[in-house]
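Comments concern the structure below.
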Amino acid sequence: MTTTPDARERTAARLLDSSVRRSYDPLIEIDWDAPEVPGRYWMPPERSSLYGTPLWNQLTDEQRVELTKHEVASAASAGVWFETVLMEMLIRHYYDQDPTSRHAQYALTEVADECRHSIMFGRLLEAVKAPRYRATWGDHALGRFLKATATGTHMYASILLAEEILDAFQRDIMADESLQPLIRMVCRIHVVEEARHVRYAREELVRQVEAAGPARLAYSRLILGRAANTIVNRLVHPDLYEQVGIPGPLGRRTALANPHFRETLRWAGAKATAYFTELGLIAGPSRLLWRRSRLL
Ligand SMILES: [Fe+2]
Ligand SMILES: [Fe+2]
159 MTTTPDARER TAARLLDSSV RRSYDPLIEI DWDAPEVPGR YWMPPERSSL YGTPLWNQLT
219 DEQRVELTKH EVASAASAGV WFETVLMEML IRHYYDQDPT SRHAQYALTE VADECRHSIM
279 FGRLLEAVKA PRYRATWGDH ALGRFLKATA TGTHMYASIL LAEEILDAFQ RDIMADESLQ
339 PLIRMVCRIH VVEEARHVRY AREELVRQVE AAGPARLAYS RLILGRAANT IVNRLVHPDL
399 YEQVGIPGPL GRRTALANPH FRETLRWAGA KATAYFTELG LIAGPSRLLW RRSRLL
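Be aware that the sequence shown starts at 159, since it is given in our numbering, and climbs by one per residue.
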């Protein structure tokens, strides 16, 4: 891993170049009025949070399709919420940068990508007629706190964690030709553009960890562990289960206890958690938070 200022500029220049060549406007690229294809899932059924449970076995095929639709919608709601937090964090980061640097210019480019993504997710939620899957009061407050204060290590690490988890699900969806065309297209656009964000965050995180002192790192570990819990909470929003007639608290409880889904969570978080472990960001008391998040 290269961490010099030169390397930072080289990476940003490469990412800027790639952004010019491969960026998508979802309002042009996606046919938002195309009808849903009957019987097709919205994500591979084995990635559903209830897959393999008695609740899953009780559902009709139609209900299972509907469940995956709302699981995708709950994740997209989390995506919009997270991107809003991320944009404010990146703009605050940019505030202190030299505007002629490629690093600063890429931060703005990433914000521009996220603006389009949040509109895309908003259109998706509208297209599938999803109810508003809001964050809990506590997670909403944590988001407000993070977007106003987070810097350095925990800022880049929480960005990376959310991006890697969504990316894992989206790559799966993108590759599966049996799924709804709308969600595959949304995922394809997001995966292409997020690959650059992931590269930017992974490299910058190393520099931020190297620059942080021990007290600052200890604080970052705790905030990151808490953020991991928030991200998982948002993936299994209780209201989504109500859409197929399952009481919300029961659906969520079943999902979080489901060994299939726990394996899916570990799989989705694996790239990020391996990297954080390597960088010493999962250690000490924060391990308890990580265990509670079910990502480890
Ligand atoms: Fe995004
Ligand atoms: Fe992103």
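Note that beta-carbon positions come from the ideal geometry of N, C-alpha and C, so glycine has one too. The model shown is predicted, which means the values in this text are computed figures rather than measured ones.
For residue i, count the other beta carbons within 10 Å of its own beta carbon; 16 or more makes it buried, fewer makes it exposed. Which is it?
{"i": "C345", "result": "buried"}
{"i": "T160", "result": "Because T160 carries a pLDDT of 48, less than 50, the predicted location of this residue cannot be relied on, and the following value inherits that uncertainty. Exposed, because fewer than 16 other Cβ atoms sit within 10 Å of the Cβ of T160."}
{"i": "D164", "result": "exposed"}
{"i": "Y253", "result": "exposed"}
{"i": "E224", "result": "buried"}
{"i": "I249", "result": "exposed"}
{"i": "D175", "result": "exposed"}
{"i": "R445", "result": "exposed"}
{"i": "A320", "result": "buried"}
{"i": "R292", "result": "exposed"}
{"i": "A192", "result": "exposed"}
{"i": "H355", "result": "buried"}
{"i": "E436", "result": "exposed"}
{"i": "V243", "result": "buried"}
{"i": "T169", "result": "buried"}
{"i": "E421", "result": "exposed"}
{"i": "Q263", "result": "buried"}
{"i": "S419", "result": "Reading the sequence as shown, one finds Phe at residue 419 and not Ser. The residue in question, F419, is buried, as its Cβ has 16 or more Cβ neighbours within 10 Å."}
{"i": "R449", "result": "exposed"}
{"i": "T162", "result": "exposed"}
{"i": "W200", "result": "buried"}
{"i": "K325", "result": "Looking at the sequence shown, residue 325 is not Lys but Asp. D325 should be labelled buried."}
{"i": "I440", "result": "buried"}
{"i": "T258", "result": "exposed"}
{"i": "G403", "result": "exposed"}
{"i": "R166", "result": "buried"}
{"i": "V459", "result": "Beyond the ends of the chain as shown, which are 159 and 454, falls residue 459; an answer cannot be given."}
Quick check on the DSSP output: the alpha helix (DSSP H) that includes residue i runs from which residue to which?
{"i": "V390", "result": "P372 to L393"}
{"i": "V350", "result": "P339 to A369"}
{"i": "P193", "result": "Careful: P193 lies outside any alpha helix (DSSP H) and carries neither H nor E."}
{"i": "R168", "result": "P163 to R179"}
{"i": "R411", "result": "G406 to A415"}
{"i": "W239", "result": "D219 to Y253"}
{"i": "M332", "result": "G310 to A333"}
{"i": "Q263", "result": "R260 to A285"}
{"i": "L454", "result": "Per DSSP, L454 belongs to no alpha helix (DSSP H) and is neither H nor E."}
{"i": "A306", "result": "W295 to T307"}
{"i": "W214", "result": "P212 to Q216"}
{"i": "L398", "result": "D397 to E400"}
{"i": "P257", "result": "Here P257 belongs to no alpha helix (DSSP H), and DSSP marks it neither H nor E."}
{"i": "E187", "result": "P184 to E187"}
Is residue i a contact residue of ligand 3, with contact defined as CB to any heavy atom under 7 Å?
{"i": "H348", "result": "For the structure depicted, ligand 3 is absent and the ligand set comprises only ligand 1 and ligand 2."}
- Query: Between the region 376-395 and the region 299-316, are three or more C-beta pairs nearer than 8 Å?
  - Reply: Of all C-beta pairs linking the region 376-395 to the region 299-316, three or more are shorter than 8 Å, placing the two stretches in contact.
- Query: Can you pull every residue whose C-beta falls closer than 6 Å to some heavy atom of ligand 2, listed in chain order?
  - Reply: Cβ-based neighbours of ligand 2 within the cut-off: E272, E321, E352 and H355.
- Query: Counting Cβ pairs, one atom from each stretch, are 3 or more of them under 8 Å apart for the region 278-292 and the region 352-366?
  - Reply: They do not touch, by the three-pair rule.
- Query: Should the region 257-276 be regarded as contacting the region 176-190, the criterion being three or more beta carbon pairs within less than 8 Å?
  - Reply: Touching, yes, given that three or more Cβ pairs across the two stretches are closer than 8 Å.
- Three or more C-beta pairs closer than 8 Å, one from the region 404-413 and one from the region 210-222: is that the case here? Taking a contact to require three or more Cβ pairs closer than 8 Å, the region 404-413 and the region 210-222 qualify as touching.
- Task: Mind the definition here: the region 324-335 touches the region 292-299 only if three or more C-beta pairs lie below 8 Å; say whether that holds.
- Result: No, the region 324-335 is not in contact with the region 292-299.
- Message: Taking contact to mean 3 or more Cβ pairs, one atom from each stretch, closer than 8 Å, check whether the region 219-237 and the region 379-396 are in contact.
- Response: At 8 Å Cβ cutoff, the stretches touch.
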